[in-house]
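Chemist: Would you mind keeping the following structure in view while I ask a few things?
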Amino acid sequence: FCERGYHATTMRDISAKAGIKPPSIYNHYTSKQEILHQIAEGIMADLLRGAREATGRCTDPATELRAFITWHVTFHARRRFEAKIADDQLYALEPRLRRRVVAIRDEYEDLLKDILARGQTSRHWRVADISVIAFAIATMCTAVDTWYRDHSRLSADKIARIYADFILASLESTGET
Numbered sequence: 005f006c007e008r009g010y011h012a013t014t015m016r017d018i019s020a021k022a023g024i025k026p027p028s029i030y031n032h033y034t035s036k037q038e039i040l041h042q043i044a045e046g047i048m049a050d051l052l053r054g055a056r057e058a059t060g061r062c063t064d065p066a067t068e069l070r071a072f073i074t075w076h077v078t079f080h081a082r083r084r085f086e087a088k089i090a091d092d093q094l095y096a097l098e099p100r101l102r103r104r105v106v107a108i109r110d111e112y113e114d115l116l117k118d119i120l121a122r123g124q125t126s127r128h129w130r131v132a133d134i135s136v137i138a139f140a141i142a143t144m145c146t147a148v149d150t151w152y153r154d155h156s157r158l159s160a161d162k163i164a165r166i167y168a169d170f171i172l173a174s175l176e177s178t179g180e181t
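Numbered according to this note's numbering, the sequence shown spans residues 5 to 181.
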C-alpha cells in the first residue's frame, strides 16, 4: 500500500511481500479492506494511546504540548510506513470502516485542541482559531513520515525537539494587542 497505493496493490502483491502463497493470505485476512482497516485503526489507536500516556503526567499546557509534539513526531518517524498508509490511504476504506478510524483520529485531534485551549487561557497563547492551529501542528508533525530516514543527520528525537521549540515559540504571546 505504501509503495503502490491501496487500489494498485493486489492480494498477490501482499502475499509475495509476506513470503506466502497467494491463497494462504486468506487464512489470515478475508480481504484487502480488512488489511487496510487493521493498519489504519491500529496506527490511530497506537497514536492516541501513546499521546495520552505522554501527556498524562504533564502539569501545564506547555509541557503537555511539548510531550504531544514529541510523541507525534517520533511516532511518525519511527513508524513512517504504517503511518503513511493510514494517513494517505484512509479514503480507500469502506465508509463504515473509515468512520471507525476517523472517530479515533477525532479523539486524537480533540486531545491537541484541548491542550491549545488550556494554553490559550492559562498562558495567553496566540491561537486565532483552535481547529486551524491544531490542524497545522498535526499536519506539520505528520509530514515527518514523508522525508525522515533512519540514520539521518538528525535523530527523530532531535527533530521532535526542534518542532516543539518552534511551535511553542510561535504560540507565546508577545504582549501586543
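All residues carry an ideal CB built from backbone N, CA and C; glycine is no exception.
1) Span of the alpha helix (DSSP H) holding I29?
2) Helix, strand or coil: how does DSSP classify Q93 here?
3) Is Y152 near R83, with beta carbons less than 8 Å apart?
4) DSSP three-state label for C6, please.
5) For the alpha helix (DSSP H) that contains W129, what are its first and last residues?
6) Which whole-angstrom value is the C-beta distance of R127 and A66, which I expect to be below 8 Å?
7) Do you know offhand how far R165's Cα is from T150's?
8) Apart from the five residues on each side of it in sequence, which residues of its chain come closer than 8 Å, Cβ to Cβ, to D154?
9) Which two residues bound the contiguous alpha helix (DSSP H) that contains C145?
10) Please state the DSSP three-state secondary structure of L52.
11) Since T74 is in the alpha helix (DSSP H), which residue starts that stretch and which ends it?
12) Since Y144 and Y112 are thought to touch, with beta carbons under 8 Å apart, how far apart are those beta carbons, to the nearest angstrom?
13) Going by the CB atoms, is the gap between T74 and A58 shorter than 8 Å?
Modeler: Working from what's here:
1) For the purposes of this step, residue 29 is taken as residue 25 along the sequence shown, with counting starting at 1. Unbroken run through I29: none, as it is neither H nor E.
2) For the purposes of this step, residue 93 is taken as residue 89 along the sequence shown, with counting starting at 1. Of the three classes helix, strand and coil, the one that applies to Q93 here is coil, per DSSP.
3) For the purposes of this step, residue 152 is taken as the residue at position 148 of the sequence shown. For the purposes of this step, residue 83 is taken as the residue at position 79 of the sequence shown. The answer is no: Cβ separation not under 8 Å.
4) Counting from 1 along the sequence shown, the entry for residue 6 is found at position 2. Coil at C6, not helix or strand.
5) Residue mapping note: residue 129 aligns to position 125 of the sequence shown, counting from 1. Where W129 is concerned, there is no enclosing alpha helix (DSSP H), given that its DSSP letter is neither H nor E.
6) Within the sequence shown, the letter at position 123 stands for residue 127. Within the sequence shown, the letter at position 62 stands for residue 66. Their Cβ separation, rounded to whole angstroms, is 6 Å, which keeps R127 and A66 in contact under 8 Å.
7) As a first step, residue 165 is located in the sequence shown; it is residue number 161 there, counting from the start. As a first step, residue 150 is located in the sequence shown; it is residue number 146 there, counting from the start. For R165 and T150, the distance between alpha carbons rounds to 18 Å.
8) The sequence position of residue 154 within the sequence shown is 150, counting from 1. Around D154: no qualifying Cβ.
9) Your numbering for residue 145 matches position 141 in the sequence shown. Counting along the chain, the alpha helix (DSSP H) containing C145 begins and ends at 134 to 146.
10) Locating residue 52 in the sequence shown gives position 48, where the first residue counts as 1. L52 falls in the helix class under three-state DSSP.
11) Numbered from 1 along the sequence shown, position 70 holds the residue referred to as residue 74. First-last of the alpha helix (DSSP H) with T74: 65 to 82.
12) Residue 144 sits at position 140 when you count from the first residue of the sequence shown. Residue 112 sits at position 108 when you count from the first residue of the sequence shown. For the record, residue 144 in the displayed sequence is Met; it is not Tyr. Actually they are not in contact, since the Cβ atoms of M144 and Y112 sit about 15 Å apart, beyond 8 Å.
13) If you number the sequence shown from 1, residue 58 lands on position 54. If you number the sequence shown from 1, residue 74 lands on position 70. Yes, these two residues count as a Cβ contact at 8 Å.
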